[in-house]
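Numbering (the UniProt record's numbering), first residue to last: 1 to 639. Positions of the beta carbon are idealized from the N, C-alpha and C atoms, including for glycine.
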């Protein structure tokens, strides 16, 4: 390819150290790195070794110092409460400094961990930045996650303080957060010294001083009134900025660790070169700060680059209708919108003809980016026809923190091939390997893997689990990071990501572990064994179906047992699992070695062509699956 992209990609391949050293000039350093890359440090090497910096300084202070204090930094819009406010960079500096002072007063210092369990409100972003300001490590947990899941994260991180809200808002109701926090702390071995609670008017709660419960807003207001000053604490580029636990895990959680230096360099590069954004532009990532997309492109990426970011509390439909996205784009003159394909499937379901776009001035919108799951061609076609702008699918993971493969709109615009997120970004050398690690020819489906070292911005390890990181991500294909995705690369160099190679369900952009769901199902006293598979869904991409085998002698109503299992998953994993459908089988399809044939079960459920596995123990079990799926599907009532 003779192009700007090819020139940049070849520059990186020819001199990766020089390339990322150049990119690091966009970061403000207290002390420049001694080494751009040191292969002897960390699990696979570390970026910007010896450099000293601060992420909050780069996101906020330096823009104020450069004279941009009056420019809008964060636009908050709540379709749930009707609240809205624009925070300038100076406003953000004042708020973040006040929160940082509160945390310091509670004894939080550099390296301490703070768990943030909040909805999409400005105070959540201020809390993230405040942790970064004082060198504390934050771990954001998606608001509404079940108490058991929150407890496991409190224990893993050994959290010193929890910052939570009294509630989150869903259409027509308030979801109480504090009882979940209380239950989590009761379950956890780690007992945080304090719980900072943001009282929301929709549901105020009683605070118990004897349990270290404090009013977030009162304490922050007091520090703001005193005009408390908290300097940015210098941290090493290799020090952790945050821990983000992958969703749906039970038992010992898997915490992705992101560093300070590489994270900033990668996000600044991506904002300009992938998303085509510049200071003063308005970016809206319609996601949640509980997920990596929210970390990278609601909070850190835009603010690092001096781009205005929209913080939205609401849904693509039902708040109040399928025109909410277009109202926000028009009202705030959004230039780039980034969301999950499931959001557009929901909008299309409620407004197939795009009537809500009529009369809206969307002339500011230059691009739509989709990620979080595979963007199906039908949704892409519909969005392109409706908006008449480039619709860009791109592929990345919680572990990578930014796009592995994308259409680099800031460099050049590639022709779209529906079903492909386009081409690898600098830093990512993507190969397709067979199960033995041998490279495959173009056009052949195999394991997608990334040559080591991973570029800046990717995870450096799992929290306090280097060996687990090696075993999970690096050992399958020596010299590579295993993405656990399957795909191919065509003759034009376009990457096609076809499916997960392990049993991960992508439900509305949320990655759910079938193992975690199965663990909960199997804990029911009447269940002997079970399997959970991801089945195609027109709105959510995939939803989990449960196949349950009862213990001998159980004579209770099957529908009652299924309802109890569904309720159990909702309690322990949370509503985000969207687990509402289950079937009772006499036995599960397995290989002779005992492996459950989940892949074949999924194909049957999705109506795909399948072949009888050569290693199946009892072929009749697949007929059992097929017959069960032909019965009236049991769907639990939402409640």
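Query, Result
"Where residue 249 falls: helix, strand or coil (DSSP)", "Reliability of the predicted coordinates at residue 249 is poor, the pLDDT of 38 falling under 50, and the value obtained from them is presented with this limitation in mind. Note: residue 249 maps to coil in three-state DSSP."
"Three-state secondary structure (DSSP) of residue 610", "coil"
"Inter-residue CB distance, residue 399 and residue 458 (contact presumed, cutoff 8 Å)", "7 Å"
"Status (buried if at least 16 other CB within 10 Å, exposed otherwise) for residue 272", "buried"
"Residue 488 and residue 573 closer than 8 Å at C-beta", "no"
"Best match in 96, 313, 195 and 609 for proximity to residue 84 [C-alpha to C-alpha]", "313"
"Coil, strand or helix - residue 593 by DSSP", "In this prediction, residue 593 has a pLDDT of 47, which is less than 50 and means its spatial position is unreliable; what the coordinates show is noted afterwards. Looking at residue 593 - three-state DSSP - the assignment turns out to be coil, as it is neither helix nor strand."
"Best match in 617, 25 and 6 for proximity to residue 304 [C-alpha to C-alpha]", "25"
"DSSP-derived helix/strand/coil call for residue 174", "strand"
"Range of the contiguous alpha helix (DSSP H) that encloses residue 264", "261-273"
"The beta strand (DSSP E) enclosing residue 47, as first and last residue numbers", "46-49"
"Spatially closest choice to residue 284 from 233, 587, 369 and 132, by CA coordinates", "369"
"contact_flag[the stretch 223-231, the stretch 196-208] where n(CB pairs < 8 Å) is 3 or more", "no"
"Minimum C-alpha distance to residue 13 - residue among 568, 426, 436 and 432", "426"
"Residues near residue 292 by beta carbon distance below 7 Å, same chain, minus five either side", "244, 398 and 401"
"Which of helix, strand or coil DSSP assigns to residue 404", "coil"
"Contact check, residue 528 vs residue 483, beta carbons under 8 Å", "no"
"contact_flag[the stretch 371-382, the stretch 416-426] where n(CB pairs < 8 Å) is 3 or more", "yes"
"Boundaries (first-last residue) of the alpha helix (DSSP H) holding residue 329", "324-332"
"Beta carbon proximity, residue 416 to chain B, threshold 8 Å", "Judged by its chain identifiers, the structure shown contains no chain B, having just a single protein chain."
"Cα-Cα separation between residue 3 and residue 10, rounded to whole angstroms", "11 Å"
"Cβ-Cβ distance between residue 392 and residue 384 below 8 Å", "no"
"Between the CA atoms of residue 550 and residue 104 - distance to the nearest angstrom", "53 Å"
"Residue nearest to residue 76 in terms of C-alpha spacing, selected from 353, 124 and 279", "124"
"Identity of the residue in 610, 337 and 316 nearest residue 298 by Cα", "337"
"Residues of its chain near residue 532, where Cβ-Cβ distance is below 6 Å and the 5 sequence neighbours each way are ignored", "514, 517, 518, 544 and 546"
"Own chain partners of residue 126 with C-beta closer than 6 Å, once the 5 adjacent residues on each side are dropped", "95, 96 and 99"
"Backbone secondary structure at residue 478 - three-state DSSP", "coil"
"Closest Cα partner of residue 53 within the set 43, 265 and 183", "265"
"Beta-bridge partners of residue 305, as assigned by DSSP", "Looking at the DSSP assignment, residue 305 forms no beta bridge with any residue, so it has no partner."
"Residue(s) in a DSSP beta bridge with residue 242", "138 and 258"
"Cβ-based burial, residue 86 [other Cβ within 10 Å; buried from 16]", "exposed"
"Beta-carbon proximity list for residue 589, same chain, < 6 Å, skipping 5 on both sides", "597, 621 and 622"
"Residue 133 (DSSP reduced to helix, strand or coil)", "helix"
"Entirely enclosed alpha helix (DSSP H) segments - the stretch 553-599, minimum 4 residues", "558-572"
"Chain-order list of residues whose beta-carbon lies under 7 Å from that of residue 360 (same chain, five-residue window excluded)", "326 and 330"
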